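Okay, structure first, notes after.
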Amino acid sequence: MAILAISREFGSGGSEIGRLVCENLGYHYVDKEQFIQDLDEVGERWGRVARELDEVCPTMWERYDWEYRAYLALIEACILQYARNDKVVIIGRGSPQLLQDIPFCLRIHLVATLKIRLDRIMAQEHLSREKAQRLIAQRDRDMACYIKVNYDTEWDKNELFDMILNTNKLNDDQVVNILLTALAEKDHFLTPAAKAKLDDAALAYRLKARVATDLRVFIPTLMVKLEKGVIVVSGIIHNPKERKILQEIAKEICGNKEIRFDLRHRVLGKKS
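Mapping of the sequence shown onto our numbering: position 246 corresponds to residue 304, and the numbering continues sequentially without gaps.
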């Protein structure tokens, strides 16, 4: 079935609407708590990092730090795997950006006036108006920066979304009904070819996460992408041993899937 990826202004009702869609369709709801749980299962270190860095603007140091890049790779692998598993609503974490080429993914952005968002956050978090306003401004800045740094696009870029819904003009039930209709229409795009494309993407991101978290290799320029159904692994390595480790990991994760390695040695600058 079609999947739903929700981007939202803080306080616009994304969590509530996402949960209502799940209740109506029997979908799985994936948000911060689920991602933290998933990364806890990978290792205590990654659960801790997820709690510290979830949808925040990374510092200049963090953007190039091994731990942050590995954390991001794990989150992306989780998003792709949930999408592959079907029947899911994913809240934020770059999911609309990451899934923009999946035709049966409904990508939406929720907005609301500051007054509506203030009222909602003040009630939910038991904050004064001043503190709620500061929190909203900070969370919006963080989410916008997170998307810009990691996906090189604007957080609220209209062209990215199938729908932009204003929740101060529509109540939750109205938004949910709109989404249920749109998801039913998206179901028609769930073809064998589209499903195969998602399967390949999930495999590529799983490989990237596995390499990014392996302490035996350090490849800050690591890229794993799909080109016409072929998984392409590129980056700068230090020695032939790292190349061998990459090949072993790729075989473990991808089996007989076609993989192309485009690796360069740091010192010599020659292709490996």
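Glycine included, every Cβ here is placed at the ideal spot set by N, Cα and C.
Source: prediction; values computed, not measured.
Continuous beta strand (DSSP E) assignments of at least 3 residues falling wholly in the region 72-123 = 86-88
For H296, which residues from the same chain have a beta carbon less than 6 angstroms from its beta carbon, with the 5 sequence-adjacent residues on both sides left out?
-> R324
According to DSSP, is K328 helix, strand or coil?
-> Any answer about K328 is weak, because its pLDDT of 49 lies below 50 and its placement is not dependable; what the coordinates show is given next. Note: K328 maps to coil in three-state DSSP.
C-alpha gap between W104 and Y129, whole angstroms = The straight-line gap from Cα to Cα measures roughly 7 angstroms.
Out of curiosity, what's the CA-to-CA distance linking P161 and G287?
-> 16 angstroms
Taking 8 angstroms as the threshold, find out whether the region 75-95 comes into contact with the region 143-151 through three or more Cβ pairs.
-> Contact between the region 75-95 and the region 143-151 is present, because at least three Cβ pairs lie under 8 angstroms.
Taking just the CA atoms, how far does K309 sit from T171?
-> Roughly 51 angstroms between the two C-alpha positions.
Distance, Cα to Cα, V100 vs Y126?
-> 15 angstroms
With a floor of 4 residues, list each alpha helix (DSSP H) that falls wholly inside the region 215-254, ordered by position along the chain.
-> 230-244
Environment of G72 [buried if 16+ CB atoms lie within 10 Å] = Burial is judged here by how many other beta carbons sit within 10 angstroms of a residue's own beta carbon; G72 has at least 16 and is buried.
Compare the beta carbon distance of T225 and L168 with 7 angstroms and say whether it is the shorter of the two.
-> yes
Sequence-distant residues of its chain with Cβ nearer than 8 angstroms to F219 (five each side left out) | S65, P154, R165, I166 and H167
Using the rule of at least 16 other Cβ atoms within 10 Å of the residue's Cβ for burial, across every protein chain shown, is I205 buried or exposed?
-> buried
Just to confirm, are V23 and L256 a CB contact at a threshold of 7 angstroms?
-> Residue coverage of the chain in this structure runs from 59 to 330, which leaves residue 23 outside it and unanswerable.
So, using beta-carbon positions, are P116 and V207 closer together than 7 angstroms?
-> yes
Where do the N-terminal and C-terminal ends of the alpha helix (DSSP H) with E306 fall, by residue?
-> Residues P298 to C312.
Between the beta-carbon of Q139 and the beta-carbon of A267, is there less than 7 angstroms?
-> Contact: no.
Expressed to the nearest angstrom, what Euclidean distance is found between the alpha-carbon atoms of M201 and V114?
-> In this structure, the CA atom of M201 is about 6 angstroms from the CA atom of V114.
May I ask you to list the residues that DSSP assigns as paired with M281?
-> S292
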